[in-house]
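In the UniProt record's numbering, the protein residues as written are 1 to 271.
To start, the structure under review is shown below, and the notes come after it.
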Amino acid sequence: MLQPSEMVQRRADAALECLVQGGGHPHSLCCAERKDTARMSKAKVAPPPPGCTLDINDPQVQEAAIRIQASYRGHRSRKELREKGPPKVLQPLKDVVLLEGSAAKLECRVSAFPDPFIVWSKDGKELKDGPKYRYVFEDPDVVALVVRDGVLTDLGKYTVTIKNPFGQTSDSACIKVEVPAKINKGPDSVKVKKGSTAVLTAGISGEPAPDVGWLKDGEDIEEDNRVFYDIGDTTTTLTIKNAQASDAGKYEVFVENNLGVDQSFARVDVL
């Protein structure tokens, strides 16, 4: 197995060794900055097993780790040699879409040595690792946040802050929540006196914001100064001023977006 990471001075020689065990002829691969060292003029690759050695006369360790990998039948050993410095974001966060009731993951690739301290926040408020928000460290250089049980309030700007003794950096992305159109509370049936005002109100939700419509006895309502409806973020209201006998009937409110359709009914009686 590889030994723990070692530190070298800039422009000093560095040697990395690993012992490969197993039958047959293991395949060895030495790479720096994810590039085959066979293409590096300053790298010298020693013969393969029982050990492999990589000598680097002038290591470029500021930008990336220098890695030795020995693989045999899919198993790998790796050693990293890195220079201390402030964290860097190598692959930024990307906006994601979260469906209601499901989970979403934000992830980015970072470079930091010594190992950094990670903090996630939403709209400026720190998120604690727990059942709702899960901090995930999949690889040495990948950090992620999993948001579980998606709801509309999960919509917002998420930021990851990466800190170590040499500095800090951050990156942000948005979670866009998609929720089927829904009528949370249907309108109540009403009885009004002739000449008075009737009001029907329904609670609505959905993301993207749903289209909203009102019908009377199955026909679209044509709005005017007397009969009209308003659409808010969470409610829609139908107003009937100076109610007449012809206004009596069955009223329907419907909402629709690309994820779903919902409807509800109420009756207006004019006395």
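Ideal Cβ positions, reconstructed from N, Cα and C, are used throughout, including at glycine.
These figures come from a predicted structure and were not determined experimentally.
Taking a contact to mean a Cβ-Cβ separation below 8 Å, would you say residue i touches residue j in this structure?
{"i": "Val255", "j": "Gly206", "result": "yes"}
{"i": "Pro86", "j": "Thr169", "result": "yes"}
{"i": "Leu200", "j": "Val190", "result": "yes"}
{"i": "Gly260", "j": "Pro180", "result": "yes"}
{"i": "Ile175", "j": "Val96", "result": "yes"}
{"i": "Gly218", "j": "Asp149", "result": "no"}
{"i": "Ala173", "j": "Lys94", "result": "yes"}
Can you tell me whether residue i is buried or exposed? The criterion is at least 16 other CB atoms within 10 Å of its CB, across all chains shown.
{"i": "Lys194", "result": "exposed"}
{"i": "Phe166", "result": "exposed"}
{"i": "Phe137", "result": "exposed"}
{"i": "Phe113", "result": "buried"}
{"i": "Lys157", "result": "exposed"}
{"i": "Pro187", "result": "buried"}
{"i": "Asp154", "result": "buried"}
{"i": "Leu98", "result": "buried"}
{"i": "Lys216", "result": "buried"}
{"i": "Leu271", "result": "exposed"}
{"i": "Val151", "result": "exposed"}
{"i": "Pro131", "result": "exposed"}
{"i": "Pro92", "result": "exposed"}
{"i": "Ala245", "result": "exposed"}
{"i": "Glu103", "result": "The question names Glu, but residue 103 is Ala in the sequence shown. With fewer than 16 other Cβ atoms within 10 Å, it is exposed."}
Considering only DSSP beta bridges, list what residue i is partnered with.
{"i": "Thr169", "result": "Ile162"}
{"i": "Ile231", "result": "Thr236"}
{"i": "Asn257", "result": "Gly260"}
{"i": "Leu127", "result": "BP columns for Leu127 are empty, so no partner."}
{"i": "Glu223", "result": "Answer is none; Glu223 lacks a bridge partner."}
{"i": "Ala245", "result": "For Ala245, which the question treats as bridged, DSSP gives no partner whatsoever."}
{"i": "Glu107", "result": "Ala144"}
{"i": "Glu207", "result": "Val179"}
{"i": "Thr201", "result": "Thr237"}
{"i": "Gly213", "result": "Phe254"}
{"i": "Asp269", "result": "Lys191"}
Pop quiz: residue i and residue j are said to be a contact at Cβ under 8 Å. What is the actual Cβ separation, rounded to whole angstroms?
{"i": "Thr237", "j": "Asp230", "result": "5 Å"}
{"i": "Ile183", "j": "Asp262", "result": "5 Å"}
{"i": "Thr197", "j": "Thr161", "result": "Not confirmed; about 54 Å, so no contact."}
Once the 5 residues before and after residue i are set aside, which same chain residues still bring their CB inside 8 Å of it?
{"i": "Thr235", "result": "Thr201, Ala202, Gly203 and Ile204"}
By Cβ distance below 7 Å, which residues in the same chain neighbour residue i in space, the five residues on each side in sequence not counted?
{"i": "Asp123", "result": "Gly156 and Lys157"}
{"i": "Val119", "result": "Glu126 and Thr161"}
{"i": "Lys84", "result": "Phe113, Pro114 and Phe166"}
Can you name, in chain order, every residue of its own chain whose Cβ lies under 6 Å from the Cβ of residue i, other than the five neighbours on each side?
{"i": "Phe117", "result": "Lys163"}
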